[in-house]
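Report on the structure given below.
Number of protein chains: 2
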Amino acid sequence: MAGKKSTNGSRSEQEGTLEPRRAPMREFSRSLPMSLLRAREAVMRQFRPSLRNHGLTEQQWRILRALTAVDTIEVTELARVAFLLGPSLSRILRDLEARDLIERRTAKADLRRGEVSISSKGLKLIEAVAPTSEAIYAEITNRYGARKLAELQDMLGELERSLAAMEVAGEGEAEVEE
Amino acid sequence: MAGKKSTNGSRSEQEGTLEPRRAPMREFSRSLPMSLLRAREAVMRQFRPSLRNHGLTEQQWRILRALTAVDTIEVTELARVAFLLGPSLSRILRDLEARDLIERRTAKADLRRGEVSISSKGLKLIEAVAPTSEAIYAEITNRYGARKLAELQDMLGELERSLAAMEVAGEGEAEVEE
DNA sequence: CCGGATAACTTAACATGTTAAACAAATTTC
DNA sequence: GAAATTTGTTTAACATGTTAAGTTATCCGG
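Residue numbers (my numbering), protein chains in the order written: chain A, 1 to 178; chain B, 1001 to 1178.
Here it is as structure tokens:
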């Protein structure tokens, strides 16, 4: 609400040898990564306030949420399911355990592995948040359309599968040291 | 590739009073936020190695990329375009300036505003990265299909618009103080 | 068995996400 | 026009993302 400045339009002033500043490789704001980022942010913006009211971050919620689906799970598996990197998960588990929202023990068969499960306190928290969370999800579904939402998810899944094969192929560029 | 453990399947052992551990509110891994997160990660995983080879993070690249499209831009506008929060942008600009990849000055009309522009060194860096970046983008487009990609972007855009109206509506929960 | 891989985590270190607070310059009020 | 408010940007503080290094426990070949 502040009258867009000359941020972009006026280019032909009298800047001397100033070329069109190079045509943007791609509208940029319309690139796939940006589209996905903005879409996800638009979605999460809806949930964050509610989670925050319950003292949970998005990632902490993901972990607790994943734990409700299993009896017990190993750290590595949990990282895969909650889509978190090991170091992040490690830190968050430390915190959740300190808050008594989860329980940990080491596997008796393999002392390297850690087994995690949600505590009753954690379950209660989940139950307290779930209603609001579900309501928001329902609202999103209504606004966007259930049909379209399902279609979008299918397309996102296929995008994942399409790229899974690519792997890290664009590396051979500046193999300096190693 | 290690033979999935009993992470989920076996629930009916003899855990006594252990109920079905509650049916997951939603398959979770199939929730919209997770779908968007995984899809975006799948895409970025392709670009990160190349950017890294040039000493750039994803966000630094977004900023330089946005700067090539304009002659000069104010910090707030840049934050909006590059989709970064103020504090993140502030830190990154400090670093990019120290590396002489950008230039800053304060607006003469309003001393609060800062004006940012890319430096020639920054432009050279962009030019060095762009080819690989474009190639990767092209590969993604090929794998997924140009038609489908455009459709996906349209759907993502509409999702954004659908949620823009919702704003922060799910807050009235635990208005403790204030 | 023993010592060199491997594996499963955790720590470290640095960059960004996120919210709140601080600050200074500009705008509005009375 | 000085005080109160608003605006643009930065700092602070804490949580997570990301890559590299540990740590400790298994596995494996000799």
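Backbone N, C-alpha and C fix where the C-beta goes; we use that ideal spot for every residue, glycine too.
Open item on the list: Here's the rule: buried if 16 or more other CB atoms are within 10 angstroms of the residue's CB, otherwise exposed. What is B/Ser1120?
Closed with: Exposed is the label assigned to B/Ser1120, since fewer than 16 other Cβ atoms lie within 10 Å of its Cβ.
TODO: May I have the straight-line CA-CA distance separating A/Arg30 from A/Leu111, to the nearest angstrom?
DONE: 49 Å
TODO: Identify, in the order they occur along the chain, each residue of the same chain with its Cβ nearer than 7 Å to the Cβ of A/Met44, setting aside the five sequence neighbours on each side.
DONE: Glu58
Open item on the list: Using only the alpha-carbon positions, how far apart do A/Val81 and A/Met34 sit?
Closed with: 24 Å
Open item on the list: Please list the terminal residues of the continuous beta strand (DSSP E) segment that includes B/Thr1106.
Closed with: 1102-1106
Task: Proximal residues, the segment 127-141 of chain A versus chain B, C-beta separation under 8 Å - done: Ala130, Thr132, Ser133, Glu134, Ala135, Ile136, Tyr137, Glu139, Ile140
Task: C-beta contact flag for A/Ile118 and A/Ile102 at 8 Å - done: yes
TODO: Taking 8 Å as the cut-off, decide whether the C-beta atoms of A/Ile136 and A/Phe47 are in contact.
DONE: At the C-beta level, A/Ile136 and A/Phe47 come within 8 Å of one another.
Task: Short CB-CB distance (under 8 Å) between A/Gly157 and chain B - done: So, interface residue.
Task: Residues sharing a beta bridge with B/Ile1118, DSSP - done: B/Ile1102
Open item on the list: Output needed for B/Pro1024: all residues of its chain with C-beta closer than 8 Å, excluding positions within five of it in sequence on either side, in chain order.
Closed with: Because the pLDDT of B/Pro1024 is 49, which lies under 50, any placement of that residue in the model is unreliable, and the number read from its coordinates should be weighed accordingly. Excluding residues within five positions, none has a Cβ falling inside 8 Å.
- [ ] State the start and end residues of the unbroken alpha helix (DSSP H) segment that holds B/Arg1038.
- [x] B/Arg1038 -> alpha helix (DSSP H) spans 1032-1053.
Open item on the list: With a threshold of 8 Å between beta-carbons, can B/Leu1037 be considered close to chain A, or not?
Closed with: Yes, contact with chain A.
Task: Beta-carbon proximity of B/Leu1085 to B/Leu1078, cut-off 8 Å - done: no
Task: Bounding residues of the alpha helix (DSSP H) (the contiguous stretch that carries B/Glu1077) - done: 1075-1082
TODO: Give the interface partners of B/Pro1033 over in chain A, defined as CB-CB distance under 9 Å, in chain order.
DONE: Arg40, Val43, Met44, Phe47, Glu58, Arg62
TODO: Check whether the Cβ of B/Ala1146 lies closer than 8 Å to any Cβ atom in chain A.
DONE: no
Open item on the list: Within a Cβ cutoff of 6 Å, which residues of the same chain sit near A/Leu51, ignoring the five residues on either side of it in sequence?
Closed with: Trp61
TODO: Just mark B/Gly1055 as buried or exposed, buried being the case when its beta carbon has 16 or more other beta carbons within 10 Å.
DONE: exposed
TODO: Can you give me the Cβ contacts of A/Leu125 inside the same chain, cut-off strictly under 8 Å, excluding the 5 residues immediately before and after it?
DONE: Once the five neighbours on either side are set aside, the close Cβ partners of A/Leu125 are His54, Leu56, Leu64, Leu101.
Open item on the list: At a CB distance below 7 Å, what residues from the segment 72-93 of chain A approach chain B? Give them in sequence order.
Closed with: Ile73, Glu74, Glu77, Val81, Phe83
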